[in-house]
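Going by our numbering, the letters in the sequence shown line up with residues 1198 to 1738, in that order. All C-beta atoms, glycine included, are put in the ideal place defined by N, C-alpha and C.
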Amino acid sequence: ESLMGEDVQQRRLALAGGLIVAGLAILLRIALALKRRVKASSGKAQLLPGGPPAWPIVGHLPLLMKGLPHQVLGNLYLKEGYGPIVGLRLGSQRVIVVSSPAFAKELLLTHDKLFANRVRLALTDHLCYGFNKGVAFTTYNARWVWMRRFVTQELLSANRLQKLAHVRYDEMRKLMRSLHQASQGGTRAVDVGEAVGYMTADTTARLVHSTTLGEAATDLPEIVRRCVEVSRPTLGDFFPFLGFLDVLPKRRMRLVHDRLDKIFDSIIKERRRLMAREPPKELPNDFLQAMLSTGNSNTVEEEDDMTDRDAKALMMDIYGASMHSTKATTEWALAELLRNPECLQRLRQEVDDVTRRTVEEGGSDHATARGLRMDVVTVEVVQKMPFLECVVKEALRLHSAAPLLPSRISSADCKMDKYFVAKGTQAIVNMWAIARDPAIWEKPECFWPDRFEASSKMSFDAGGQHYEFLPFGSGRRMCPGMRLGLSTVQVILANFVKFFDWELPHGVSPSTIDMSEQFGVACNKKFPMMAIPKLRHSLPP
1198 ESLMGEDVQQ
1208 RRLALAGGLI
1218 VAGLAILLRI
1228 ALALKRRVKA
1238 SSGKAQLLPG
1248 GPPAWPIVGH
1258 LPLLMKGLPH
1268 QVLGNLYLKE
1278 GYGPIVGLRL
1288 GSQRVIVVSS
1298 PAFAKELLLT
1308 HDKLFANRVR
1318 LALTDHLCYG
1328 FNKGVAFTTY
1338 NARWVWMRRF
1348 VTQELLSANR
1358 LQKLAHVRYD
1368 EMRKLMRSLH
1378 QASQGGTRAV
1388 DVGEAVGYMT
1398 ADTTARLVHS
1408 TTLGEAATDL
1418 PEIVRRCVEV
1428 SRPTLGDFFP
1438 FLGFLDVLPK
1448 RRMRLVHDRL
1458 DKIFDSIIKE
1468 RRRLMAREPP
1478 KELPNDFLQA
1488 MLSTGNSNTV
1498 EEEDDMTDRD
1508 AKALMMDIYG
1518 ASMHSTKATT
1528 EWALAELLRN
1538 PECLQRLRQE
1548 VDDVTRRTVE
1558 EGGSDHATAR
1568 GLRMDVVTVE
1578 VVQKMPFLEC
1588 VVKEALRLHS
1598 AAPLLPSRIS
1608 SADCKMDKYF
1618 VAKGTQAIVN
1628 MWAIARDPAI
1638 WEKPECFWPD
1648 RFEASSKMSF
1658 DAGGQHYEFL
1668 PFGSGRRMCP
1678 GMRLGLSTVQ
1688 VILANFVKFF
1698 DWELPHGVSP
1708 STIDMSEQFG
1718 VACNKKFPMM
1728 AIPKLRHSLP
1738 P
């Protein structure tokens, strides 16, 4: 569909909007200046977090145009001498950026409840199912607490994941077969991230509603990629009073939303037809069934009711979180291993030793000898691989899927150390900057998994208690899928190393792998990780 006419209309609206911005922003600055004078004259002036000089009207928005946001903001602290807490103005929005473990702890622990609310953006209303739907973009309230607990108990609990382990291993076998086929028997390079993305999408689909994407929607991975493309901030996110000018971005968001909604709607309708003709004991015991069996399907009057719209919002949250983070982390980890052959060899030796011992000892149900074959490496087996855990942690440190933790907004005035933070201020923790601070990490720019060994003083876990290392966040808003996310990446890497020798395409050497970043919903490699998988062992059937 051609959008040329809409582009012309958008440019005209932007021109008119520019004039409106100029006038309103001048009035806004005058009002803010008067407000500050009143505070100062009444003896209530407070010390605010400092920052670089701001432009008139737009504030620090031009700063973000100099490069990737997490790098630009991180370098204010690491290279330009600004403090570990920086105050910015992005359009009309007040923002603080935290770049040290001490301030991260104060924000995420001391003032956790005060900063528990999410920021409302255009994408929450036009791409997702609206603000306060699902668990990702919501206000902190009793409804959110119940919804998060529901997701944890019905999908992410240890008991539930154990019961559904066979699903993950089935999809792991399919992934390895698809890699072998796509590489034409180990003769062609494959796009590793794309393959992992499809595998993760199918795994998520089976965990949530017991059907694969081929049965539900073959184009869902492509739609998810479109979600990333249309999720960029809009003019109204920085100047809320100009949100009416975001005609084209909102239209693009709604087009993607409508396609996703049709997919989710068809899944729900098919399940309801099944519920109408089958007794309860014959229905799938999955997350979708738990959602549709909870409360009223049409209206929400109680905290524990679940509408169809709620169910769709949760499915969108789950698909988005699982697919992006797993794909990105696996791709970065394999890229770092191929850049550091000695680490890859050490990991291969650990995987071979542990799986061999597991087979000799009788193993688990999923790691037993089948003649000369071995089944997939499982969660139980990777738990015996400490160096693998270190590799994944180091990949998360250097290449966090969320280098800027999702922004929060303060519900009241507060003080952080000596600084005053006003109600309505957005707060962002820059994990990219913390991960590269030489005051915290030895050789911070190097891929060095040994730093996370149990005997090291840097042996942090990812559970949100060590503010030097928060790949899944911390506090009330910490990612509830941490356990599933970590174990999934570990299982994928262990099987990749067990069953394949990985080689780089012709003309590419470890030192020439392009590690450029592309910022979006997740921080992905700018260029896909292309590698050749050559079989080491026969693949499991």
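List the residues that DSSP assigns as beta-bridge partners of residue i.
{"i": "E1700", "result": "I1729"}
{"i": "F1617", "result": "K1612"}
{"i": "I1465", "result": "Its beta-bridge partners do not exist; DSSP assigns none."}
{"i": "L1287", "result": "G1256 and Q1290"}
{"i": "F1334", "result": "K1330"}
{"i": "Q1715", "result": "N1721"}
{"i": "V1295", "result": "I1282 and V1626"}
{"i": "I1606", "result": "N1314 and Q1623"}
{"i": "V1387", "result": "A1728"}
{"i": "L1601", "result": "N1627"}
Can you tell which of the options has the C-alpha that lies nearest to the C-alpha of residue i?
{"i": "L1511", "options": "R1733, P1737 and P1677", "result": "P1677"}
{"i": "V1425", "options": "F1644, N1721 and I1729", "result": "N1721"}
{"i": "V1718", "options": "C1643, R1633, A1599 and R1449", "result": "A1599"}
{"i": "R1673", "options": "E1475, T1307 and L1376", "result": "T1307"}
{"i": "V1332", "options": "L1324, H1323 and V1342", "result": "V1342"}
{"i": "C1587", "options": "A1636, L1541, V1618 and N1627", "result": "L1541"}
{"i": "D1462", "options": "P1737, C1643, T1504 and M1679", "result": "T1504"}
{"i": "W1529", "options": "L1404, H1454, G1390 and E1642", "result": "G1390"}
{"i": "R1733", "options": "A1414, P1635, R1545 and F1584", "result": "R1545"}
{"i": "K1302", "options": "N1329, F1438 and M1628", "result": "M1628"}
{"i": "S1684", "options": "S1597, M1582 and R1317", "result": "M1582"}
{"i": "M1726", "options": "I1637, V1393, K1640 and G1288", "result": "V1393"}
{"i": "H1363", "options": "F1347, T1401, Y1395 and M1344", "result": "T1401"}
{"i": "L1270", "options": "L1601, R1345 and K1731", "result": "L1601"}
{"i": "L1350", "options": "E1642, A1487, E1475 and P1476", "result": "It is worth fixing the name first, because residue 1350 is Gln in this sequence and not Leu. The option with the nearest alpha carbon to Q1350 is A1487."}
{"i": "V1626", "options": "P1250, Q1268 and I1689", "result": "Q1268"}
{"i": "V1705", "options": "A1532, L1690, I1689 and V1618", "result": "A1532"}
{"i": "Q1243", "options": "Y1395, A1619 and R1680", "result": "A1619"}
Excluding the 5 residues flanking residue i on each side, which residues of the same chain have their C-beta closer than 8 Å to its C-beta?
{"i": "S1407", "result": "P1481, D1483 and L1485"}
{"i": "I1282", "result": "P1246, I1293, V1294, V1295, S1296, S1297, F1300, M1613, D1614 and Y1616"}
{"i": "N1537", "result": "F1644 and P1707"}
{"i": "I1465", "result": "L1485, L1489, D1505, A1508 and K1509"}
{"i": "I1729", "result": "S1380, G1383, T1384, R1385, A1386, V1387, W1699, E1700, L1701 and P1702"}
{"i": "R1633", "result": "G1271, L1275, P1641 and E1642"}
I'd like to know whether the C-beta atoms of residue i and residue j end up nearer to each other than 7 Å.
{"i": "R1506", "j": "Y1326", "result": "yes"}
{"i": "G1383", "j": "S1522", "result": "no"}
{"i": "M1520", "j": "T1415", "result": "no"}
{"i": "T1622", "j": "R1315", "result": "no"}
{"i": "L1304", "j": "H1257", "result": "no"}
{"i": "S1597", "j": "P1668", "result": "yes"}
{"i": "V1686", "j": "T1526", "result": "yes"}
{"i": "S1653", "j": "F1436", "result": "no"}
{"i": "I1689", "j": "E1665", "result": "no"}
Which residues in the same chain have their Cβ closer than 6 Å to the Cβ of residue i, if we skip the five residues on either side of it in sequence?
{"i": "P1446", "result": "T1431"}
{"i": "L1534", "result": "C1540 and L1541"}
{"i": "D1514", "result": "G1331, V1332 and A1333"}
{"i": "T1321", "result": "F1328 and F1334"}
{"i": "T1496", "result": "Note that T1496 has pLDDT 44, beneath the 50 cutoff, so the model's placement of it is unreliable and the number below is only indicative. For T1496, where only same-chain residues beyond five positions count, there are no Cβ hits under 6 Å."}
{"i": "L1410", "result": "A1398, D1399, A1402 and L1417"}
{"i": "F1724", "result": "D1711"}
{"i": "G1248", "result": "V1283, G1284 and L1285"}
If you drop the 5 nearest sequence neighbours on each side, which residues of the same chain put their C-beta closer than 7 Å to that of residue i?
{"i": "H1563", "result": "Bear in mind that a pLDDT of 47 at H1563, under 50, signals an unreliable position, so the model cannot answer this."}
{"i": "N1142", "result": "The structure shown does not extend to residue 1142, since the chain is modelled only from 1198 through 1738, so no value can be given for it."}
{"i": "F1584", "result": "R1543, L1544, E1547 and P1646"}
{"i": "L1361", "result": "L1404"}
{"i": "S1656", "result": "F1649 and E1650"}
{"i": "V1453", "result": "L1324, I1420, R1423, C1424 and V1427"}
{"i": "W1252", "result": "P1259"}
{"i": "D1443", "result": "A1319, T1431, L1432 and G1433"}
{"i": "K1731", "result": "G1383, F1697, D1698 and E1700"}
Next on the checklist: If contact is defined by three or more beta carbon pairs under 8 Å, each pair taking one atom from either stretch, is the segment 1653-1672 in contact with the segment 1326-1343?
Outcome noted: Remark: fewer than three beta-carbon pairs, one from each stretch, lie closer than 8 Å, so the segment 1326-1343 and the segment 1653-1672 are not flagged as touching.
Checklist entry - Per the contact definition of three or more C-beta pairs closer than 8 Å, is the segment 1574-1583 in contact with the segment 1544-1553? => result yes
Next on the checklist: Closer than 8 Å is the cut-off here; do at least three beta carbon pairs connect the segment 1425-1436 with the segment 1709-1718?
Outcome noted: Short answer: they touch.
Item to check | the segment 1308-1324 in contact with the segment 1606-1622 per 3-pair CB rule at 8 Å | outcome: yes
Next on the checklist: If contact is defined by three or more beta carbon pairs under 8 Å, each pair taking one atom from either stretch, is the segment 1585-1594 in contact with the segment 1263-1273?
Outcome noted: Contact fails: fewer than three Cβ-Cβ distances are below 8 Å.
Checklist entry - So does the segment 1694-1708 actually touch the segment 1343-1355, counting three or more Cβ pairs closer than 8 Å? => result no
Checklist entry - Would the segment 1449-1463 and the segment 1387-1405 be scored as touching if the rule is three or more Cβ pairs under 8 Å? => result no
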